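Down below is the structure, laid out as structure tokens.
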Amino acid sequence: MRVFMIIITFIICYIPLLLIFGITPYITRKTEGFGVSIPEHIYHDAQVKKIRDNYRNSVVLYGGLIAIAILLAVLNMNSTVSAIVLPAGVFVEIGLMFIFYVRGHKKMKALKEKNMWIESKLQRVVIDTEFRKKKVRVSPWWFLLHLITIAATMAIGLYLYDIMPDKVPMNYSLSGEVTRWAEKSYKLLLFAPFMQIFITGLMMFIYWTIGKAKQQVDAAHPQRSIEQNRIFRYRWSAFLVFMGFAMVVLFGFTQLSMLGVVRNIWIITMVPMVMVLGIVISAIVLSITTGQGGSRVNVKKDESNGAVNRDDDKYWKFGMFYYNPDDPAVFVEKRFGVGWTNNFARPMSWVMIAAFVVIIILITYVSKFLSI
148 MRVFMIIITF IICYIPLLLI FGITPYITRK TEGFGVSIPE HIYHDAQVKK
198 IRDNYRNSVV LYGGLIAIAI LLAVLNMNST VSAIVLPAGV FVEIGLMFIF
248 YVRGHKKMKA LKEKNMWIES KLQRVVIDTE FRKKKVRVSP WWFLLHLITI
298 AATMAIGLYL YDIMPDKVPM NYSLSGEVTR WAEKSYKLLL FAPFMQIFIT
348 GLMMFIYWTI GKAKQQVDAA HPQRSIEQNR IFRYRWSAFL VFMGFAMVVL
398 FGFTQLSMLG VVRNIWIITM VPMVMVLGIV ISAIVLSITT GQGGSRVNVK
448 KDESNGAVNR DDDKYWKFGM FYYNPDDPAV FVEKRFGVGW TNNFARPMSW
498 VMIAAFVVII ILITYVSKFL SI
């Protein structure tokens, strides 16, 4: 079972990671290349294409070799060490991808300066004053599913408390052996609902940021871009609700295993992995079909007006970190990848980051207290 679990964990952690990093330059907006603002038609330039392809090949080759090396090493380690090394290797991969990205960013920036792609173009900033009135997110009432599941988890826990084992398994090794037990108690029943509430709160916060994030409209194709961005936000808000609900259900399943309703070790270990893998695959499919800002969504095309987006590269450090004191927006679209990032020049961004760190520490402490 140990080898099987290692391979499954490897597939869940490494394959999607390499895939999403490898395709990132191809799902980012065509007006941005490795964090550098470019005219859309330049996206198809042979030199620009070469930078993307070199990045992809490096990710697949070197990232793949490191992943295989980690897998082979973990197979020869004991369960305790392998349970640490296998997930820790993910951070090694992320560091490697960042190096490849920075290399691509520098090449793209140099190419832009050499060819002066922006200087001769009319630069514009376009906004849609009616955008917030459009249906950019799914209904927040869908979060009622989360709340109903949380209530059901608490009710079932109290109802079945009498059949709960005196000792409850809390952690399993990759061999399927229990590595930590907890004594039966009413506070232990709060563990799953507590995590469900945290996940629901987090998903609701991200849902809120999707609606508040700054608009990014392509100056050359404003009407097309506005509709693509609306669909982009709508799809990701729907995915957010789905993902949050799946995770809430997963902790409900954890509650059942703690109560002794589910005892089969294969079911206990495989159900979470299958659900996590399903979420990851769904996120990758959504990223590919939608693209950053909805750039891969097919909508009615409009003719280019010859303008380009305002060149604000100076506000993007390494093309990834946005720092613009003159921009009141707190949330902006990423320039490399799919999703949103912060304007780190806004104090509110740092307040939220600090609050998130405090909440994580609190979650860790409370979770440990409830499971003792």
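Going by the working numbering, the sequence shown opens with residue 148, and the numbers climb by one from there.
Ideal placement from N, C-alpha and C gives every residue a C-beta, glycine not left out.
Fair warning: this is a prediction, and the values are worked out from it, not measured in the lab.
Residues near residue i in its chain [Cβ-Cβ closer than 7 Å; skip 5 each side]
{"i": "residue 462", "result": "469, 470 and 471"}
{"i": "residue 487", "result": "356, 360, 478, 479, 480 and 481"}
{"i": "residue 423", "result": "159"}
{"i": "residue 164", "result": "237 and 240"}
{"i": "residue 441", "result": "375, 376, 378 and 379"}
{"i": "residue 281", "result": "377"}
{"i": "residue 283", "result": "358, 377, 380 and 381"}
{"i": "residue 420", "result": "155 and 159"}
{"i": "residue 264", "result": "185, 186 and 189"}
Distance between residue j and residue i (C-alpha atoms, nearest Å)
{"i": "residue 335", "j": "residue 301", "result": "11 Å"}
{"i": "residue 243", "j": "residue 434", "result": "22 Å"}
{"i": "residue 206", "j": "residue 183", "result": "20 Å"}
{"i": "residue 162", "j": "residue 214", "result": "9 Å"}
{"i": "residue 383", "j": "residue 262", "result": "36 Å"}
{"i": "residue 327", "j": "residue 515", "result": "12 Å"}
{"i": "residue 393", "j": "residue 268", "result": "47 Å"}
{"i": "residue 501", "j": "residue 418", "result": "34 Å"}
{"i": "residue 223", "j": "residue 248", "result": "32 Å"}
{"i": "residue 204", "j": "residue 169", "result": "8 Å"}
{"i": "residue 181", "j": "residue 191", "result": "14 Å"}
{"i": "residue 186", "j": "residue 455", "result": "6 Å"}
{"i": "residue 306", "j": "residue 402", "result": "12 Å"}
{"i": "residue 495", "j": "residue 476", "result": "10 Å"}
{"i": "residue 270", "j": "residue 426", "result": "39 Å"}
Simplified DSSP state of residue i, which is helix, strand or coil
{"i": "residue 266", "result": "coil"}
{"i": "residue 469", "result": "strand"}
{"i": "residue 384", "result": "helix"}
{"i": "residue 379", "result": "helix"}
{"i": "residue 187", "result": "helix"}
{"i": "residue 409", "result": "coil"}
{"i": "residue 282", "result": "coil"}
{"i": "residue 478", "result": "strand"}
{"i": "residue 453", "result": "coil"}
{"i": "residue 271", "result": "strand"}
{"i": "residue 445", "result": "coil"}
{"i": "residue 316", "result": "strand"}
{"i": "residue 438", "result": "coil"}
{"i": "residue 331", "result": "coil"}
{"i": "residue 364", "result": "coil"}
{"i": "residue 236", "result": "helix"}
{"i": "residue 324", "result": "coil"}
{"i": "residue 201", "result": "helix"}
{"i": "residue 180", "result": "strand"}
{"i": "residue 356", "result": "helix"}
{"i": "residue 488", "result": "strand"}
Option nearest residue i by Cα separation, candidates the options
{"i": "residue 343", "options": "153, 239, 170 and 510", "result": "510"}
{"i": "residue 340", "options": "157, 513 and 156", "result": "513"}
{"i": "residue 236", "options": "358, 421 and 218", "result": "218"}
{"i": "residue 473", "options": "465, 487, 492 and 483", "result": "492"}
{"i": "residue 389", "options": "286, 260 and 178", "result": "286"}
{"i": "residue 331", "options": "259, 395 and 404", "result": "404"}
{"i": "residue 324", "options": "413, 428, 268 and 197", "result": "413"}
{"i": "residue 290", "options": "317, 347, 398 and 369", "result": "347"}
{"i": "residue 231", "options": "277, 156, 304 and 197", "result": "156"}
{"i": "residue 437", "options": "229, 498 and 374", "result": "374"}
{"i": "residue 385", "options": "398, 358 and 194", "result": "358"}
{"i": "residue 210", "options": "226, 167 and 198", "result": "167"}
{"i": "residue 451", "options": "498, 368 and 248", "result": "368"}
{"i": "residue 396", "options": "304, 273, 248 and 292", "result": "292"}
{"i": "residue 274", "options": "288, 294 and 362", "result": "362"}
{"i": "residue 309", "options": "317, 333 and 299", "result": "333"}
{"i": "residue 120", "options": "177, 220, 199 and 372", "result": "Because the chain spans 148 through 519 in this model, residue 120 falls outside it and cannot be assessed."}
{"i": "residue 179", "options": "467, 476, 505 and 475", "result": "467"}
{"i": "residue 398", "options": "505, 337 and 431", "result": "337"}
{"i": "residue 372", "options": "318, 447 and 193", "result": "447"}
Neighbour-count burial assignment, residue i, 16 or more Cβ in a 10 Å radius
{"i": "residue 453", "result": "exposed"}
{"i": "residue 376", "result": "buried"}
{"i": "residue 315", "result": "buried"}
{"i": "residue 107", "result": "Nothing about residue 107 can be read from this structure; the chain reaches only from 148 to 519."}
{"i": "residue 352", "result": "exposed"}
{"i": "residue 365", "result": "buried"}
{"i": "residue 277", "result": "exposed"}
{"i": "residue 490", "result": "buried"}
{"i": "residue 172", "result": "buried"}
{"i": "residue 406", "result": "buried"}
Proximity test, Cβ basis, 7 Å: residue i and chain C
{"i": "residue 267", "result": "The structure shown contains no chain C; it holds only a single protein chain."}
Neighbourhood of residue i by C-beta distance below 6 Å, restricted to the same chain and skipping five residues each side
{"i": "residue 141", "result": "An answer regarding residue 141 cannot be provided, because it is not within the stretch 148 to 519 covered by the chain."}
{"i": "residue 256", "result": "183"}
Same chain, Cβ closer than 8 Å to residue i, five either side skipped, listed in chain order
{"i": "residue 410", "result": "404"}
{"i": "residue 400", "result": "409, 418 and 419"}
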